[in-house]
Structures are given as structure tokens and as C-alpha cells.
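Numbering (the UniProt record's numbering), first residue to last: 1 to 408. We put the CB at the ideal spot given by N, CA and C, even for glycine. Some notes on the structure that comes next.
Shown next, in the form of C-alpha cells:
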């Protein structure tokens, strides 16, 4: 099997962006946090901070204990998205991008005449050189090259930072034996327990397991897919279908009360509705989740005829909010999800009253045009007034914000 895919993973992306933008942070331990408070945790850590054992998810207090000299910076998501766009442009000058997987990951399929090792390595070096020249020396990437996407991605996580790893089919699976089980994509905490229960404690034992045994452990076809991918085979996967649009926000202590929390989730719902329309989808349900403390949560859902109308979502939000028991206390985190999605091409308007609201959608479209031109804070429903300074744009693992729609 020839080398077919090249996978690029930008090293400690948020922290590297900060060091690139701010020379005073270069060479120093840096933790990127969502807000300046001791109760939060690191979104990212520079490699200087990682040397002290600080990782994504490390609490601020623990990070200070591990590394008293660490410097914390508040995440600048807008600038990260802009740098992300420039990085994509730099890579595109070397090879057409097949898919952007996340804010710091992408991959490309090598054309048939580029699948020898010399050419593939040359492309990888071109990418590294182009990134350094066009963005800067402090944003580096680790690149994996292999016969399938799975192994290429695996290679992009090895020998960081600034690594370059090639997997040949002739070296498989022996070249993987030095990895830990948790290094294998698809092996999380729960799967690790399942593997150990079946006497699989190393990657070598995982690779030696039969196709049927892995199917049994995974409880389905994913086990068979892993068996094939570990051996360099290409597994065709169906395109993912968007299932929901969601937002969440951890409330700062000063607004942990029901009135302000409702304003924040009101704002989140309006943001989600704008995204929904930009994505050309309709939603048939709204669900919300409220966390009060570590052990107390509440959730609810309302379903309706599929729509894009913000007032429908806000009416459902008020219905859910008013049904929440008062004795649960004050909210610490709010989240909302628009679900039961259908693309506009598959949407069928209702023939009955109370269904499709053409005039309402036209009003919504007019509001969207104003907000897209002048900014999303120009026209909004008043229920969000007290929450307009909260829930700024954030980068999620599976969602790269659209600056046109989600900028603050």
C-alpha cells in the first residue's frame, strides 16, 4: 500500500498563537484560560508549561503549584480563528486540503503521483517552511504520513512538537508497539477498561487480537474497522450529518442567579438560531440543561414543528425555564441544544395552521442581514439584555466559529 494521506496537527495551538502574537511569552510557561479566576482550568498549555506536568484541563491553582512562574492569558478566540484561516491558506499553497478536522487539525490526500516517500516528505517540509514564513516560527506542526487517515492522524500526535512521522505498510503493525493504548484513537477511559477485562494491556496485544474479538469488545462494526485501520487499510465512512446546534456557558459568580442565567441562555438561543439559519437547517426541538453544583443537574426538552424562527425557540425556552423546580438553587452553568434538524432541501412546510410562518421568516431574514452587516449585537430580542456581555464566541472541539455569524 502506498503512502496516501498527510495529516497536520498544529502543536499546542492556543498557547503557540499567544507566543507568536506576544514576544514576551516566548520560551516561558504559558497557560491559556477562559477567564482570570482560580476556579477555572487551562484550555491549553505551552510546551514549557507541559514540562511541569500542566495539561489541558489542569486547574489554575494546581498549575500554579506545579509551576509558580506560569503566566496565564485569557483565550482570544477571534484571533485564533483568524490564524487558523491563514494556516489553511499556507497549507493550500503546498497541497489541496481534503478536510479541516478542527481548529488545529487538517489532512490532505496525496495525488497518485505524489505517493512515494521522497515526494510526500518534500510536501511535509514545504508545509512546515510555508507556515514558518507566512505565520511565524512559534506556530509549529507535527505531521503524520501513512496509507490511511487513521495512521496519518496517529503519526501527527507522535514526537511533538514539530515532529514528522511516516508509517509504511511493511512496518505495520510492529511500528505501533511502542505506543500506549490511550494513544490509539477510539480508546478512551471506558474502552480501556473493556480491553483490560479481555486481557489486552498493550498495543501489541491489541494488534494481535482477531477481527472478531475486536468486534466483540467494541460491540459492533467499529472494532472491525479498527482491526483494518491498524493494518493500513482504508475504511470508507459515510459523511457526517449535522444533528444539532448547541451552545453552553459557565456562569461567573456574579451572575449565578436565575434572572441573569435566563438572560444568558436567552442570548445563547438567539446565537444558535442565527447559526441554524446560516447553515440552512430547520430545528424541531429545543432542550436545555442547567447545572447547579457538582451533583445537581436539571434538563428538559420541548418539540415543535420544524422551524427557523427565533420566537418559537424563545417561547419553548420560557416554557422549559418556568418548569424548572425552584428548590434546585442558583445555576452555575447553562446549555441549550436545537435538535431534530433537517436541511432546507429536505424541509416540507406544514399544510396546517401553526406550521410554516412565511412572514415571520422574512422578518427573521431581515434581522439577520442587519446583524451580519453591523454585528450580532445590533438587533436582538430584549430577553437577552442582561446577558449580552456574557457567552462570547468560543472554539469547540468539533466547531470552528464562523466569524461572520458568531463574532461579538
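Helix, strand or coil at residue i [DSSP, three-state]
i           : result
residue 386 : helix
residue 42  : coil
residue 310 : helix
residue 203 : helix
residue 255 : helix
residue 61  : helix
residue 101 : strand
residue 152 : helix
residue 379 : coil
residue 160 : coil
residue 276 : helix
residue 373 : helix
residue 318 : helix
residue 359 : helix
residue 294 : coil
residue 179 : coil
residue 233 : coil
residue 267 : helix
residue 110 : coil
residue 262 : helix
First and last residue of the uninterrupted alpha helix (DSSP H) at residue i
i           : result
residue 126 : 117 to 134
residue 86  : 77 to 92
residue 14  : 13 to 21
residue 242 : No alpha helix (DSSP H) contains residue 242, which DSSP labels as neither H nor E.
residue 221 : 221 to 229
residue 192 : 189 to 197
residue 217 : 211 to 218
residue 48  : 47 to 50
Residue i, buried or exposed, once every other Cβ within 10 Å from all chains shown has been counted against 16
i           : result
residue 336 : buried
residue 266 : buried
residue 16  : buried
residue 134 : exposed
residue 46  : buried
residue 148 : buried
residue 376 : buried
residue 198 : exposed
residue 247 : buried
residue 37  : exposed
residue 91  : buried
residue 209 : buried
residue 348 : exposed
residue 85  : exposed
residue 287 : buried
residue 229 : buried
Neighbourhood of residue i by C-beta, 6 Å cutoff - its chain only, sequence neighbours within 5 removed
i           : result
residue 187 : 181
residue 263 : 384, 386 and 387
residue 2   : 115
residue 140 : 11, 161 and 162
residue 158 : 165
Start-to-end residues for the beta strand (DSSP E) that takes in residue i
i           : result
residue 334 : 333 to 339
residue 283 : 281 to 291
residue 71  : 71 to 74
residue 141 : 141 to 146
residue 171 : Where residue 171 is concerned, there is no enclosing beta strand (DSSP E), given that its DSSP letter is neither H nor E.
residue 329 : Premise fails: residue 329 is in no beta strand (DSSP E) and is neither H nor E.
residue 31  : 30 to 33
residue 9   : 5 to 10
8 Å CB neighbourhood of residue i in its chain, flanking five on each side removed
i           : result
residue 379 : 367, 370 and 371
residue 33  : 40, 41, 42, 43, 60, 72, 73, 74 and 75
residue 296 : 328 and 329
residue 314 : 266, 269, 270, 381 and 383
8 Å contact criterion, which residue i and residue j should meet: CB distance rounded
i           : j           : result
residue 154 : residue 185 : 7 Å
residue 330 : residue 257 : 5 Å
residue 232 : residue 169 : 4 Å
residue 176 : residue 6   : So it is not a contact: roughly 18 Å between Cβ atoms.
residue 124 : residue 164 : 6 Å
residue 304 : residue 316 : 6 Å
residue 30  : residue 49  : 6 Å
residue 107 : residue 98  : 6 Å
Beta-carbon proximity list for residue i, same chain, < 7 Å, skipping 5 on both sides
i           : result
residue 280 : 343 and 344
residue 309 : 357, 360, 361 and 364
residue 194 : 217
residue 214 : 223, 224, 226 and 227
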